[in-house]
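Residue numbers (our numbering): 123 to 578.
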């Protein structure tokens, strides 16, 4: 049912009040030549809902989607199995409360799950505390850099060459408005992560060092060494985690000296969803809590002594004076955080470790099979569920040819780093628990055929 609150009489009265004879007169400042006088060329006229649905379904069928082909894409968004129970539980009435939990008496379901979410993220990251989520991993990364600048009172951030390029783009875009100095290291197609280059770039002016773990090429940086070097210059180490499942096997960044840990939570409870919405994760040392952006949910008791949950810290400009705010973030990714928390609860600590082990096992199987193909080599033997393969020709063309053969066979480093020609033969391949032996064999057969066809 359409919602049309104004009657013709209402419109006539409003036009009379503002001195306009018709609605068209409201657009008189728009040049006649710029106005649309008829139907939009090339756009079909009105059609029935069924006809539109059929047309859009035909268009969608031209795509090769994640669920219909062997899938080896990663680079910050991963295809994991999300139990059906997650979708069922996020629709329960306890969570269908106020959009934002300003009134705790009617938002206990939301507040409690955010409280539990914070605990899960803090334990996962090895940090003292975590907030109630951010928009996504890239914006959480920028917020961490701002936070470090406030704490250290310095304005230079060193970005590892192994940082996801999209995260780097967000940081450099936002830094244009804050005038922060962003030192972005050049990515290199080497077996080792760029730890030495990162450490060499740290100086007295550095406020923060940003390192991805595992990095964009799947390599595992030495966080402890970088943390020691950063702290020696009174800088903070910010660690970015784009694949939280990795922390089921790898040591938590907070235990290796990271001061702030941020990341993308999409892997747990949240599907690929065409690139969003996702959720940002943010944890840090307790001593920095008042500089942390976003919200904190806390536990308390009500007037009757019953356990309850409230917002305990909201250092954002909607809640306090703008000049005192740490961030202008409007809200948190509540629904995605709920899905993340439920999936984590279903897994538990042991389940997460088993899931991580399964992911690593699948990636080992992929590496073993694909490196049997002539001309295909492994960049680094230190990886989790994602690794870079070096091909005998530019990977971007190979990816397209694989898609034509019905295989989503990884992400070309040339697509991620188009300005760095030395990386263009790199193919970033990911394998999660959803990858079967048949998928691996189909990938290998297609890749061999594509490469053989090029040589022929």
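Backbone N, C-alpha and C fix where the C-beta goes; we use that ideal spot for every residue, glycine too. Keep in mind it's a predicted model, so treat the numbers as computed, not measured.
Beta-carbon separation (whole angstroms), residue i vs residue j, contact threshold 8 angstroms
i, j, result
"residue 463", "residue 242", "6 angstroms"
"residue 507", "residue 373", "With 8 angstroms as the limit, residue 507 and residue 373 do not qualify as a contact, their Cβ atoms being about 16 angstroms apart."
"residue 203", "residue 555", "6 angstroms"
"residue 250", "residue 400", "The pair is not a contact, with the Cβ atoms about 24 angstroms apart (cut-off 8 angstroms)."
"residue 208", "residue 461", "5 angstroms"
"residue 359", "residue 379", "6 angstroms"
"residue 308", "residue 542", "7 angstroms"
Span of the beta strand (DSSP E) around residue i
i, result
"residue 404", "402-406"
"residue 278", "278-281"
"residue 382", "382-386"
"residue 306", "303-306"
Alpha-carbon spacing of residue i relative to residue j, whole angstroms
i, j, result
"residue 521", "residue 248", "37 angstroms"
"residue 578", "residue 288", "Bear in mind that the predicted position of residue 578 carries a pLDDT of just 33, short of 50, making it too unreliable to give a figure here."
"residue 553", "residue 155", "54 angstroms"
"residue 407", "residue 260", "20 angstroms"
"residue 131", "residue 414", "52 angstroms"
"residue 397", "residue 427", "44 angstroms"
"residue 291", "residue 504", "26 angstroms"
"residue 192", "residue 498", "19 angstroms"
"residue 546", "residue 272", "38 angstroms"
"residue 123", "residue 171", "Only weak support is given to the placement of residue 123: the predicted model assigns it a pLDDT of 44, under 50, and the question is left unresolved by the model."
"residue 166", "residue 179", "16 angstroms"
"residue 481", "residue 338", "17 angstroms"
"residue 484", "residue 169", "47 angstroms"
"residue 264", "residue 129", "48 angstroms"
"residue 473", "residue 467", "9 angstroms"
"residue 174", "residue 181", "11 angstroms"
"residue 329", "residue 282", "14 angstroms"
"residue 127", "residue 147", "22 angstroms"
"residue 369", "residue 313", "21 angstroms"
"residue 494", "residue 310", "24 angstroms"
"residue 157", "residue 163", "14 angstroms"
"residue 197", "residue 404", "20 angstroms"
"residue 391", "residue 301", "37 angstroms"
Sheet register partners of residue i (DSSP bridge)
i, result
"residue 334", "362"
"residue 509", "551"
"residue 419", "433"
"residue 256", "402"
"residue 239", "For residue 239, which the question treats as bridged, DSSP gives no partner whatsoever."
"residue 533", "550"
"residue 193", "530"
"residue 251", "406"
"residue 500", "511"
"residue 606", "As displayed, the chain neither begins before 123 nor continues past 578, which places residue 606 out of reach and without an answer."
"residue 328", "278"
Distance cut-off 8 angstroms: residue i Cβ against heavy atoms of the ligand FAD
i, result
"residue 153", "Absence of the ligand FAD from the depicted structure is noted, as is the absence of any ligand whatsoever, leaving it without description."
Which listed residue (the options) has its alpha carbon closest to that of residue i
i, options, result
"residue 569", "553, 536, 450, 525", "525"
"residue 532", "214, 340, 269", "340"
"residue 456", "180, 137, 234, 210", "234"
"residue 434", "226, 512, 383", "226"
"residue 254", "467, 246, 244, 240", "240"
"residue 454", "344, 262, 519, 327", "262"
"residue 409", "173, 270, 139", "270"
"residue 502", "550, 195, 187", "550"
"residue 303", "448, 268, 285, 548", "268"
"residue 411", "425, 382, 394", "382"
"residue 377", "446, 430, 347", "347"
"residue 298", "309, 278, 314, 285", "278"
"residue 188", "393, 152, 560", "393"
"residue 320", "300, 301, 355", "355"
"residue 431", "196, 213, 185, 236", "236"
Extent of the continuous alpha helix (DSSP H) to which residue i belongs
i, result
"residue 135", "130-140"
"residue 200", "Counting along the chain, residue 200 falls outside any alpha helix (DSSP H), and DSSP gives it neither H nor E."
"residue 295", "287-300"
"residue 180", "171-182"
"residue 207", "206-211"
"residue 454", "Per DSSP, residue 454 belongs to no alpha helix (DSSP H) and is neither H nor E."
"residue 317", "317-323"
"residue 377", "Segment: none, residue 377 is in no alpha helix (DSSP H) and carries neither H nor E."
"residue 348", "345-354"
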